[in-house]
Structures are given as structure tokens and as C-alpha cells.
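Engineer: Before anything else, here's the structure in question.
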Amino acid sequence: MMGRCFHILGYLTFLVVMSGRGLSAEEAIRPLPDIDSYVVDQTETLGDLQEKELSEILERIEKENGSQVVLVIVSTTKPETIEQYSIRLAEKTGIGRKETDDGVLVLLAKEDRRVRIEVGYGLEGAIPDARAHRIIDTIIIPQFKKGEFYVGLRNGILALEKLIKKEPLPEAKPVARTPEIPAWEYFFYDGWFYWSWITYGIAALLGWYAAKSKRYNWMLIWALLAGMHPPALWLFAEGYFAVHAYIPRLIITLLAFHIPYWLAGGGPVGRRRSGSSGGSRSWSSSSGSSFRSFSGSSFSSRSSSSSFSSGSSSSFSGGGGSFGGGG
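For the sequence shown, the numbering used here assigns the number 3 to the initial residue and increments by one for each residue that follows.
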């Protein structure tokens with residue numbers, strides 16, 4: 003009896019440790035930086051004088067043309083792609099004037115070696131995908147390869163300024179705003195931790211029941227994996243394919259089922275038992291994603307990428323421009 007208690011205590015300790023490891027994955031959707039200046043550098047890539055000069059250029063662009071250009075430098079956007087992160091950041095901060103959507107976000111994810119330019123709807127004519135792509139590939143990245151991040155960012159911003167000056171901005175008119183995310187969606191995101199623990203508890207009870215009733219069924223396992231992690235499935239549906247955020251939870255769910263199953267006297271999984279309604283079958287899953295180094299960059303409509311450091315003394319306020327999908 004005492005031995006069985008020690009087994010159960012060890013099992014609970016194991017779940018706590020593993021869940022703590024999995025929790026880092028749910029925190030992986032990184033909080034967005036506050037955009038309170040033209041240059042936001044979270045990596046200290048730029049020196050104070052370099053940051054000041056870039057801020058002066060960006061402030062001049064807004065004063066002379068009305069368009070807001072913001073530079074943000076972060077270490078990584080993972081588990082999100084740089085496209086997902088840049089759209090989320092641009093929509094939250096409302097870069098550019100609300101009436102004309104003339105904002106530009108230059109985002110650099112330094113550790114990911116990814117750079118992107120996100121362009122508001124009002125500047126699509128001046129900065130189409132092909133031009134943004136060309137600025138990144140021919141102006142910004144060659145300097146990055148030399149370790150000259152400041153030079154690459156400055157030259158890229160000056161190239162954007164030339165394009166903006168050639169574009170007559172559309173007349174201000176009401177535009178449809180992106181609807182706010184419903185509160186119930188936040189419940190799925192913020193309640194992920196609690197959903198996981200509910201899943202582990204149900205899995206443990208079902209494992210104990212399967213051993214006592216001598217009913218081991220693979221369909222039961224699939225039901226657990228597919229139906230007990232709604233937040234994970236929701237993120238998949240939204241396009242956040244962060245495999246490392248989901249695999250630990252699925253593994254813990256399987257262990258939470260099988261350890262009580264074995265402790266309660268369940269037999270080997272492969273052995274058929276009386277009343278069993280299923281067998282076993284092998285399965286595999288795979289996932290992957292491709293990333294391009296500073297030798298290339300990806301774009302979606304209206305955008306490309308780069309990032310920047312904070313510390314600018316120039317005042318800045320977002321206007322509320324809307325952005326479309328990246329690429």
C-alpha cells in the first residue's frame with residue numbers, strides 16, 4: 003500500500019514538473035512592445051547617437067509627408083512567424099493616420115535573422131510588395147551581412163522616404179475597422195493553463211477507469227487528444243502552428259492516462275482484453291516551417307520586414323492606421 007502511494011506521489015510530481023515546462027510554450031506568444039517613440043530597440047543593437055539620428059529621420063518623414071514610419075527591433079517573434087507578429091503589432095499600435103492608413107512598420111527579428119516591412123493600405127501604391135522586397139534584398143540585407151545594422155536600417159528607411167514622397171495620399175474617408183476580439187476568445191488563450199490541468203485530471207480518471215473495467219480503447223485516447231485541448235486547437239485554426247507549444251501537452255496527456263492505467267493494474271497495451279472494443283495502430287505526425295536567413299526575405303501583400311530599438315527622445319503618437327496581411 004505504501005509503495006503504491008509513493009508511486010502516485012511520484013506521478014503527481016512528474017506532472018507538475020512537465021506542466022511547468024509546457025507552460026513556457028503558452029507564454030511563447032510574446033507580449034508586444036510599447037510603441038512610444040519612432041525607434042524601439044529591445045536588443046541594444048543601436049547606439050544612442052544612431053538611434054537619435056534614425057528617430058530624427060522618421061520624425062522628418064511624418065512632418066513633411068504625414069506618414070508615420072516606425073522601426074522596431076526585437077530578438078525573436080517565435081512561436082509566431084514574423085508576418086503574424088508584425089500584423090499583430092501594427093494593428094495594436096495603430097501606426098499611421100486612421101483616415102488614410104499611411105503607416106509603415108519596419109521590423110527586425112535579430113535572432114531569427116528575419117526582416118520585414120509592413121505597409122498600411124494607404125501606401126500600397128507607393129510601396130508595393132516588389133519594391134519593399136527590393137529594399138530588403140538589395141539595401142538592408144547586404145549591410146546586415148557586414149554587421150552594419152545601423153547602415154542597413156538607415157539606408158532602407160531613406161529608400162522608403164523617397165517612395166513615400168512620390169505617393170499622393172488619398173483623401174481622408176471613413177474606413178471599416180477590424181472588429182475587436184471577443185472576450186470568449188481571450189478566455190481560450192488566457193485559460194490555456196487551466197484547460198491543460200483539467201485535461202490531465204480527466205485523462206488520469208479515464209486511465210484508472212480503463213484499467214478497472216479492463217477496457218482499453220485507442221478511440222478513447224484519440225478523443226482525449228482531439229477534444230481536451232480546445233485552446234490548442236483554436237490556435238491551430240488561427241494559424242499559430244507552434245508545434246513545441248502543443249506536443250508537450252499531448253505527451254503529458256498520454257502519460258496522465260497511462261500511468262494511472264498501469265498503477266491500477268492495467269495490462270500491456272498491446273494485449274486484447276475481454277470486452278475490449280479496439281486495437282492499436284501506429285501513427286506519426288510531422289510538421290515543419292521554413293525560414294530564410296538574411297540572404298532573403300518573405301513578403302505578403304503590402305509588407306516586408308525589420309525592427310528597431312527604443313530610447314529616442316522624439317515624441318511619438320500612433321494614429322490608428324489599419325494593416326492588411328503580410329507576406
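Glycine residues also receive a C-beta, built at the ideal position from the N, C-alpha and C atoms.
Quick caveat, the model's predicted, so the values are computed rather than measured.
(1) Helix, strand or coil: which one does DSSP assign to residue 61?
(2) Please tell me whether residue 55 and residue 89 are closer than 8 Å, where the distance is taken between their beta carbons.
(3) If I measure Cβ to Cβ from residue 267 and keep anything under 8 Å in the same chain, skipping five residues before and after, which residues do I get?
(4) What number of angstroms, rounded off, separates the C-alpha of residue 151 from the C-alpha of residue 60?
(5) DSSP on residue 120, reduced to helix/strand/coil?
(6) CB-CB under 6 Å to residue 129, same chain, minus the five flanking residues each way: which ones, in chain order?
(7) In chain order, what residues of the same chain have a beta carbon less than 8 Å from the beta carbon of residue 168, not counting five sequence neighbours either side?
(8) Whose CA, out of 259, 85, 53, lies closest to the CA of residue 159?
(9) At what residues does the alpha helix (DSSP H) containing residue 158 begin and finish?
(10) Could you give the distance in angstroms between the alpha-carbon of residue 2 and the alpha-carbon of residue 111?
(11) What's the C-alpha gap between residue 124 and residue 203?
(12) Reducing DSSP to helix, strand and coil, say where residue 99 ends up.
(13) Going by Cα to Cα distance, which pick from 82, 163, 148, 257 is closest to residue 206?
(14) Helix, strand or coil: which one does DSSP assign to residue 111?
(15) Report the three-state DSSP secondary structure of residue 70 (helix, strand or coil).
(16) Which stretch, first to last residue, makes up the alpha helix (DSSP H) that contains residue 131?
(17) What is the residue span of the beta strand (DSSP E) that residue 36 lies within?
(18) Just to confirm my understanding: we take residue 262, look at its own chain, exclude 5 residues before and 5 after, and list those with CB closer than 6 Å. What are they?
(19) Helix, strand or coil: how does DSSP classify residue 148 here?
(20) Would residue 1 be called buried (16 or more neighbouring beta carbons within 10 Å of its own) or exposed?
(21) Starting from the Cα of residue 217, find the closest Cα among 251, 259, 254, 252 and give me that residue.
(22) Look at the alpha carbon of residue 293 and the alpha carbon of residue 118, and state the distance between them as a whole number of angstroms.
(23) Got a sec? Which residues, its chain only, sit under 8 Å from residue 49 by beta carbon, not counting five neighbours each side?
(24) Mind checking whether residue 84 and residue 116 have CB atoms under 8 Å apart?
(25) Under three-state DSSP, which class holds residue 50?
(26) Run the CB neighbour count on residue 250, radius 10 Å, all protein chains shown included, and call it buried at 16 or more, exposed below.
Structural biologist: Put simply:
(1) In this structure, residue 61 counts as helix in the three-state DSSP scheme.
(2) no
(3) Same-chain partners within the cutoff: 213, 214.
(4) 17 Å
(5) strand
(6) Taken in chain order, the residues that qualify are 121, 165.
(7) 128
(8) Put simply, of 259, 85, 53 the residue whose alpha carbon is nearest the alpha carbon of residue 159 is 53.
(9) Where residue 158 is concerned, the enclosing alpha helix (DSSP H) stretches over 151–167.
(10) This structure leaves residue 2 out entirely; the chain is present only between 3 and 329.
(11) 51 Å
(12) strand
(13) 257
(14) strand
(15) Three-state result, residue 70: strand.
(16) 131–137
(17) Looking at the DSSP string, residue 36 is not in any beta strand (DSSP E), and its letter there is neither H nor E.
(18) 206, 209, 210
(19) coil
(20) There is simply no residue 1 to check, as the chain begins at 3 and stops at 329 in what is shown.
(21) 259
(22) Reliability of the predicted coordinates at residue 293 is poor, the pLDDT of 31 falling under 50, and no value is obtained from them.
(23) 152
(24) yes
(25) Helix, per DSSP.
(26) buried
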